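Undergrad: Following my numbering, the numbering of the sequence shown begins with 3 at its first residue and continues without gaps. The beta-carbon is built from N, C-alpha and C at its ideal position, and this holds for glycine as well. All values reported here derive from a predicted model rather than from experimental measurement. Below is one structure. I have some questions about it.
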Amino acid sequence: MKQVSIYVISLMIVFIFSSGCTDKDMGENPDSELAPISSLADFQALLDNMPLMQETPGLNEVSANDYYLPADTTGLSLDPNERNAYLWKVDIFEGRGEVGDWNVLYKQIFQANTVLDRLPHIDPADTSVERNYIKGRAFFYRAYALYHVVLQFASLFDSTSTTLGVPIRLTSDPEPKSTRALVRIVYRQIIEDLEQARHLVPGKVEITKKNRPSLPAVYATLARIYLSMREYRKAGLYADSALQLYPTLINFNNIYQSSSDPFSGRNDEVIYDSHLLSTTSILLKNKCFVDSNLYRSYESNDLRKTVFFSLNTAGLPVLRFNYTGTEFKFSGLATDELYLIRAEAYAFAGNIMEAMTDLNKLRENRYISPVSPLVAANAQQALQWIRMERRKELIYRGIRWGDIRRYDKEGARISLTRSLSGERATLQSEDPRYILPIPPDIIQITGMPQNQRK
């Protein structure tokens with residue numbers, strides 16, 4: 003194997019261990035003193051830096067309502083940012099900078115931009131599959147990161163809105179000043195990047211390297227994005243495209259349920275592997291408990307009740323290891339989510355039979371066999387069942403917070419309440435605190451306007 007250049011090794015060390023933002027305004031880490039990248043292997047190494055490239059934000063899941071903390075947190079060490087996000091405080095960060103939910107994502111974008119900027123200067127005549135794959139990966143990672151940033155730090159997509167989104171960085175050059183683009187412009191850039199990736203990545207999932215995107219991963223990401231945009235027809239079409247290429251579901255009847263770790267990091271449903279920010283400590287099972295009403299919603303013959311959860315010494319449900327095979331919470335792309343997206347799209351289109359076929363296919367693989375199929379009387383009932391299964395299936399994946407906001411836009415009028423150490427918090431429908439504040443150090447350096455949370 004060709005030796006990786008000093009540039010790559012040094013850049014990895016900077017990314018992993020630096021606590022400072024060396025770029026002028028976005029937490030990026032360019033270093034003109036390092037030797038230039040000199041081979042395709044160097045680009046692959048940049049993109050294979052999994053301690054950086056595999057992470058997605060965690061504060062969205064911290065803010066969501068699938069779990070709770072004990073009322074008395076005596077002796078329980080909580081990160082201040084996470085505690086404030088849990089209680090939906092107006093000021094989450096209290097002047098603290100270096101927020102991973104922002105910085106890590108923009109470091110990923112910088113990494114992708116480095117590849118896209120420098121790749122044309124390495125043997126431009128090369129049109130090999132490997133070269134195209136590297137380019138496609140870079141477009142995918144940039145889109146994946148930018149989507150997760152805008153989903154947390156801006157309002158949901160609205161084609162007519164003039165609300166501000168987040169900065170779009172399309173170069174590794176640190177000089178251009180970062181400004182907030184409109185939300186709809188950010189989404190347009192994300193989709194354009196994925197369209198570029200679609201023509202460059204391989205058509206099949208690489209089973210031993212699910213950290214590398216494939217065509218099913220591109221389609222699955224587009225399905226997830228269009229769902230968040232409430233463009234259900236497109237969401238369903240892209241979910242269908244992904245499932246045509248990779249339809250595999252795990253039959254939970256065949257899982258060894260007594261195992262503390264029933265899944266491996268290469269389990270068959272995963273199309274693309276990422277996980278919530280590894281520094282998100284509040285979601286560790288010794289700190290939080292699954293929402294009681296949610297836990298009770300799993301029927302006695304629902305295998306997820308024993309595969310997903312275990313009971314602690316006090317008899318309270320906690321989440322086991324999930325699709326990462328580790329304590330890090332899976333946030334990647336998997337076929338179970340795609341069946342639910344396609345089912346929801348069918349329900350919105352009034353195709354009740356197709357919607358229930360997808361839902362029942364998932365249930366057949368989740369309940370003790372044999373399982374009676376559900377038959378919906380109308381599209382509204384189908385949609386209700388699909389969304390309930392969606393919440394039970396996709397627990398702790400960083401998805402629930404976006405779903406609450408999406409349902410709220412459709413008139414669900416969801417209200418959330420929490421208590422912690424005698425402090426009670428309430429979050430009403432359309433509350434501006436559904437949009438997280440931009441980290442204060444970024445505001446100070448760039449001068450960009452802050453999200454208003456009150």
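Could you give the first and the last residue of the continuous beta strand (DSSP E) run that contains tyrosine 189?
TA: By 1-based counting over the sequence shown, the position of residue 189 is 187. No beta strand (DSSP E) contains tyrosine 189, which is instead part of the alpha helix (DSSP H) from 185-200.
Undergrad: Taking tyrosine 258 and tyrosine 240 to be in contact with their CB atoms under 8 Å, please state how far apart those CB atoms are, rounded to whole angstroms.
TA: Counting from one through the sequence shown, the residue named residue 258 turns up at place 256. Counting from one through the sequence shown, the residue named residue 240 turns up at place 238. About 34 Å; that fails the 8 Å criterion.
Undergrad: Would you identify the three-state DSSP class for tyrosine 248, choosing helix, strand or coil?
TA: On the sequence shown, residue 248 is found 246 positions in, with the first residue counted as 1. Here tyrosine 248 sits in coil by DSSP.
Undergrad: Among all the DSSP beta bridges, which residues are the ones paired with phenylalanine 291?
TA: Taking the first residue of the sequence shown as 1, we reach residue 291 at position 289. Phenylalanine 291 is bridged to Tyr70.
Undergrad: For the stretch 229-240 against the stretch 163-175, are there 3 or more C-beta pairs whose distance is under 8 Å?
TA: Touching, no, given that fewer than three Cβ pairs across the two stretches are closer than 8 Å.
Undergrad: Can you tell me which of Phe291, Pro169 and Gly352 puts its alpha carbon nearest to the alpha carbon of leucine 313?
TA: The residue given as residue 313 occupies position 311 in the sequence shown. The shortest Cα separation from leucine 313 among Phe291, Pro169 and Gly352 belongs to Phe291.
Undergrad: My parser needs the beta strand (DSSP E) runs of 3 or more residues fully inside the stretch 78-162; what are they?
TA: Within the stretch 78-162, no complete beta strand (DSSP E) run reaches 3 residues.
Undergrad: In the DSSP assignment, what are the bridge partners of tyrosine 369?
TA: On the sequence shown, position 367 is the one that residue 369 refers to. According to DSSP, tyrosine 369 bridges with Asp304.
Undergrad: Please report how far the alpha carbon of tryptophan 104 lies from the alpha carbon of proline 441, in whole angstroms.
TA: Residue 104 sits at position 102 when you count from the first residue of the sequence shown. Residue 441 sits at position 439 when you count from the first residue of the sequence shown. In a straight line, the C-alpha of tryptophan 104 is about 7 Å away from that of proline 441.
Undergrad: Report all residues from its chain with a CB closer than 7 Å to the CB of asparagine 367; omit the five preceding and five following residues, and keep chain order.
TA: Here residue 367 corresponds to residue number 365 of the sequence shown, with the count starting at 1. Here the set comprises Leu251, Ile252, Asn253 and Phe254.
Undergrad: Quick check: the Cα distance between leucine 361 and tyrosine 135, rounded to an integer number of angstroms?
TA: On the sequence shown, position 359 is the one that residue 361 refers to. On the sequence shown, position 133 is the one that residue 135 refers to. When rounded, the distance between both Cα atoms is 34 Å.
Undergrad: Starting from the N-terminal side, write out each stretch of the alpha helix (DSSP H) that is 4 residues or longer and does not extend beyond the stretch 326-400.
TA: Counting only runs of 4 or more, we get 337-350, 354-366 and 381-395.
Undergrad: Ordered along the chain, which non-local residues of its own chain (more than five positions away) have a Cβ less than 6 Å from that of serine 65?
TA: As a working mapping, residue 65 is identified with position 63 in the sequence shown. Closer than 6 Å at Cβ, skipping near neighbours: Ala87 and Trp403.
Undergrad: Spell out the partners DSSP gives valine 207 in its beta bridges.
TA: Here residue 207 refers to the residue found at position 205 of the sequence shown. DSSP lists no partner for valine 207.
Undergrad: Check the DSSP bridge columns for arginine 420 and list the partner residues they point to.
TA: For the purposes of this step, residue 420 is identified with residue 418 of the sequence shown, where counting begins at 1. In the DSSP output, where bridge partners are listed per residue, arginine 420 has Ala427.
Undergrad: Evaluate contact between the stretch 275-284 and the stretch 362-381, counting only Cβ atoms and requiring at least three cross-stretch pairs below 8 Å.
TA: Flag = no, the stretch 275-284 and the stretch 362-381 do not touch.
Undergrad: When you compare only the Cα positions, how much space is there between threonine 281 and leucine 78?
TA: Walking along the sequence shown from the start, residue 281 turns up at place 279. Walking along the sequence shown from the start, residue 78 turns up at place 76. Each residue's Cα considered, the two are about 16 Å apart.
Undergrad: Taking the CB atoms as reference points, tell me whether leucine 148 and isoleucine 284 lie closer together than 8 Å.
TA: Taking the first residue of the sequence shown as position 1, residue 148 is located at position 146. Taking the first residue of the sequence shown as position 1, residue 284 is located at position 282. No, the pair does not count as a contact, with Cβ atoms beyond the cut-off.
Undergrad: Mind checking which residues open and close the alpha helix (DSSP H) that includes serine 230?
TA: To locate residue 230, count along the sequence shown from 1; it is residue 228. Element bounds for serine 230: 217-230.
Undergrad: Applying the criterion that 16 or more other CB atoms from any shown protein chain within 10 Å of the CB defines a buried residue, is lysine 137 buried or exposed?
TA: Walking along the sequence shown from the start, residue 137 turns up at place 135. Classification of lysine 137: buried, given that the 10 Å Cβ count is 16 or more.
Undergrad: Return the CA-CA distance between histidine 201 and threonine 326, expressed in angstroms with no decimal places.
TA: Here residue 201 is taken as the residue at index 199 of the sequence shown, counted from 1. Here residue 326 is taken as the residue at index 324 of the sequence shown, counted from 1. C-alpha separation (whole angstroms): 28 Å.
Undergrad: Alpha carbon to alpha carbon, what distance is there between isoleucine 39 and alanine 140?
TA: Here residue 140 refers to the residue found at position 138 when the sequence shown is read from its first residue. Here residue 39 refers to the residue found at position 37 when the sequence shown is read from its first residue. Straight-line Cα distance between these residues: approximately 15 Å.
Undergrad: At a threshold of 7 Å, does arginine 399 count as lining the ligand GTP (C-beta to nearest heavy atom)?
TA: For the ligand GTP, the structure offers nothing, since it holds no ligand at all.
Undergrad: Under three-state DSSP, which class holds threonine 448?
TA: In the sequence shown, residue 448 corresponds to position 446, counting from 1. Three-state result, threonine 448: helix.
Undergrad: Using 8 Å as the Cβ pair cut-off and three pairs as the minimum, do the stretch 427-446 and the stretch 143-158 touch?
TA: These segments touch.
Undergrad: Please say whether alanine 384 and isoleucine 354 have beta carbons closer to each other than 8 Å?
TA: On the sequence shown, position 352 is the one that residue 354 refers to. On the sequence shown, position 382 is the one that residue 384 refers to. Taking 8 Å as the Cβ cut-off, isoleucine 354 and alanine 384 qualify as a contacting pair.
Undergrad: Would you be able to state if there are at least three C-beta pairs under 8 Å between the stretch 174-184 and the stretch 108-119?
TA: Touching, yes.
Undergrad: By the DSSP assignment, the alpha helix (DSSP H) with isoleucine 406 in it spans what residues?
TA: The residue you call residue 406 lines up with position 404 of the sequence shown. Note, isoleucine 406: alpha helix (DSSP H), 402-411.
Undergrad: State the beta-bridge partners of leucine 321 as determined by DSSP.
TA: What you label residue 321 is simply residue 319 of the sequence shown in a count that begins at 1. BP columns for leucine 321 point to Phe311.
Undergrad: In or out: isoleucine 388 buried (at least 16 other Cβ within 10 Å) or exposed?
TA: Translated into positions along the sequence shown, residue 388 becomes position 386. Classification of isoleucine 388: buried, given that the 10 Å Cβ count is 16 or more.
Undergrad: Under 8 Å: do the stretch 421-432 and the stretch 69-78 share three or more Cβ pairs, one atom per stretch?
TA: Contact holds: three or more Cβ-Cβ distances are below 8 Å.
Undergrad: Take leucine 418 as the anchor and find which of Asn67, Thr58 and Asn51 has the nearest alpha-carbon.
TA: As a working mapping, residue 418 is identified with position 416 in the sequence shown. Nearest option by C-alpha distance: Asn67.
Undergrad: Taking the beta strand (DSSP E) that valine 272 belongs to, which residues open and close that run?
TA: For the purposes of this step, residue 272 is identified with residue 270 of the sequence shown, where counting begins at 1. Unbroken beta strand (DSSP E) run through valine 272: 272-274.
Undergrad: Shortest alpha-carbon distance to leucine 217 belongs to which of His150, Leu196 and Pro178?
TA: Here the question's residue 217 lines up with position 215 in the sequence shown. Comparing Cα-Cα distances from leucine 217 to each of His150, Leu196 and Pro178, the minimum goes to Leu196.
Undergrad: What did DSSP end up calling isoleucine 8 once you bin it into helix, strand or coil?
TA: Start at 1 with the first residue of the sequence shown, and residue 8 comes out as number 6. Confidence at isoleucine 8 is low in this model, with a pLDDT of 30, below 50, so its placement is unreliable and no value can be given for it.
Undergrad: Inspect the beta-carbon positions of threonine 337 and leucine 396 and report whether they are closer than 8 Å.
TA: The sequence position of residue 337 within the sequence shown is 335, counting from 1. The sequence position of residue 396 within the sequence shown is 394, counting from 1. Taking 8 Å as the Cβ cut-off, threonine 337 and leucine 396 do not qualify as a contacting pair.
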